[in-house]
Amino acid sequence: MKIPTHILAPLLLTLFLAGCQGASVSDLAPKSEKQLSEKLVKLMKTKGMTMTAPIMVRIFKEESVLEVWKRKDNGRYDIVTSYQICKWSGKLGPKFIEGDRQAPEGFYAVRPGQMNPKSSYYLSFNTGFPNALDQALGRTGANLMVHGACSSSGCYSMTDAQVQEIYAFARDAFKGGQDSIQLQAFPFRMTAANMARYKDDPNYPFWKNLKEGYDHFEITKVPPKVDVCEKKYVFNNTTDPNAPIAATATCPPMQQPETLKMAYQSYQTNYEAAFSSMVGKSSIQAPSRSIQGLNEAKIIAEWSARRARGERVTQEPPSLSPQDKDAALKPQVMVRLASAVAADKARDEREAGKRHRMTVAAIPAATTAPASTANQVAANVVAPVRQTIAPVPAPAATPVQAPQDVTATVAEQPAKKAWWKIIGN
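Note that the sequence shown covers residues 0 to 424 in numbering that gives the first Met the number 0.
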């Protein structure tokens, strides 16, 4: 069969370009359409999963792990794979307000419209923050993502290769008809030992509420039905259709399947025994840093705003965590964003150039004077020009008066000598 020239020529050009760059034809496909590896496909088949079966995502901050779970033929979910999170922002604890640099915690829904194949961070999808509970609690923020590029200021950031696979899992599930993917974000694996470690943390009541949903999934291996009322999550409850649930209203009468209630009670009995045995044990790992409520969130948000304005701020965000009590009493290094330093330098160069042009423009006006007068005028004019062009030596460092006054200059260059001072030295 003879291929028409208008079809053959572009095909040959594509193959040539692929060969020049060491790529195959499949590499030229959009990154959002990359297929899962044969190894993962084979693993899913052995577990009784289809390519387009629904998925669920679990995130654990302290362990820095993101898990992908997929529904099997029997209706229960099993883990397919897990990824080490490259970076996540903030500390343990929920996101409170815009600018607090916290990655969110809670139960979220990811829908097709939240997928971004043209992300500046390779690929991304929006977590769905704020959800109904976040809004009921007055929590603010937007564009909290799971994305690539390994850079985070409020998100969960993966490597590009990792997010490409995670994106593919979600894309295939949506193709199979899943309308929303449940994303569960936890501070840590909610075991008895971990809950005992954090029993005195200000976020503990919120974490106990998250643990109810965690437990329901551990028992059933099915993503729980999530509702919000009385400003808390409720799980796997059925209600009268004529009594809608509102996030800030009193919870209506609810029911659970009897088998689920019995399984949950048995699970809790075992958990309480394990929790009691862990409390007070010196062998338990020390807790990690956590955000100490709305007050700390406001302090960090103000720090973020000052940093964004290009002001000199501490190198790290302020912290009220007990682990940082001693560090707060020590001198703090103050820095500015490199972009702010560069902007100041560009402005100074523009102003210096403007002064130079104005000075040079004044020289022709002196040519009508007598020769001796003109020479004097030129001498008077050239001197300021030299002073304008010559770099100004950096000021001497100011003695430290108090810890909060200690600063470190960023992006400063050593002063250069004027050319007329170099000659003859």
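Where a beta carbon is used, it is the ideal one built from N, C-alpha and C, also for glycine.
* Asked: Within the 7 Å Cβ cut-off, does glycine 127 reach chain B?
  -> Reference to chain B is not applicable here, since this structure consists of a single protein chain.
* Name the residue from Ile84, Lys324 and Glu217 whose alpha carbon lies nearest to the alpha carbon of leucine 259. => Glu217
* Verify whether the separation of the beta carbon atoms of serine 123 and histidine 146 is less than 7 Å. => yes
* To do: Determine, using beta carbons only, whether valine 233 and alanine 131 come nearer to each other than 7 Å.
  => no
* Asked: Counting Cβ pairs, one atom from each stretch, are 3 or more of them under 8 Å apart for the stretch 286-298 and the stretch 88-101?
  -> yes
* With a floor of 3 residues, list each beta strand (DSSP E) that falls wholly inside the stretch 172-212, ordered by position along the chain. => 180-185
* Asked: How close, in whole Å, do the beta carbons of serine 156 and cysteine 85 come, if the pair is a contact with beta carbons under 8 Å?
  -> 5 Å
* Asked: What three-state label does DSSP hand serine 282 in the structure shown?
  -> coil
* What is the C-beta distance between leucine 182 and tyrosine 107, in whole angstroms, given that I count them as a contact (C-beta under 8 Å)? -> 4 Å
* At least three beta-carbon pairs within less than 8 Å, the stretch 96-106 to the stretch 62-82 -> no
* **Whether phenylalanine 187 touches glutamate 61 by CB criterion (7 Å)** => yes
* **Buried or exposed (CB count within 10 angstroms, at least 16 for buried), alanine 326** => exposed
* Check: proline 204 C-beta below 6 Å from any heavy atom of the ligand SAM -> This structure does not include the ligand SAM; it has no bound ligands of any sort.
* Asked: How about alanine 296 and aspartate 133: are their beta carbons less than 7 Å apart?
  -> no
* Asked: Expressed to the nearest angstrom, what Euclidean distance is found between the alpha-carbon atoms of aspartate 323 and lysine 94?
  -> 20 Å
* When we look at the beta-carbon of asparagine 241 and count the other beta-carbons within 10 Å, is it buried (16 or more) or exposed? -> exposed
* Determine the closest residue to alanine 184 out of Pro317, Leu293 and Gln101, with distance taken between C-alpha atoms. => Gln101
* Take aspartate 72 and list the residues in its own chain whose beta-carbon comes closer than 6 Å to its own, dropping the five residues that flank it on each side. => Gly47
* **When Lys69, Lys230 and Tyr213 are compared against leucine 465, the one with the closest alpha-carbon** => No statement about residue 465 is possible, as the shown extent of the chain runs from 0 to 424 and does not include it.
* **Buried versus exposed call for methionine 357 [16 or more other C-beta atoms within 10 Å across all chains shown]** => exposed
* To do: Give every residue of the same chain whose Cβ lies closer than 7 Å to the Cβ of glutamate 203, excluding the five residues on either side of it in the sequence, and list them in chain order.
  => Inspection of the sequence shows that residue 203 is occupied by tyrosine rather than by glutamate. Closer than 7 Å at the Cβ level, and outside the excluded window around tyrosine 203, lie Tyr197.
* Taking only runs that begin and end inside the stretch 77-161, name each unbroken alpha helix (DSSP H) of 4 or more residues, in chain order. => 131-135
* To do: Assign isoleucine 299 to one of three DSSP states: helix, strand, or coil.
  => helix
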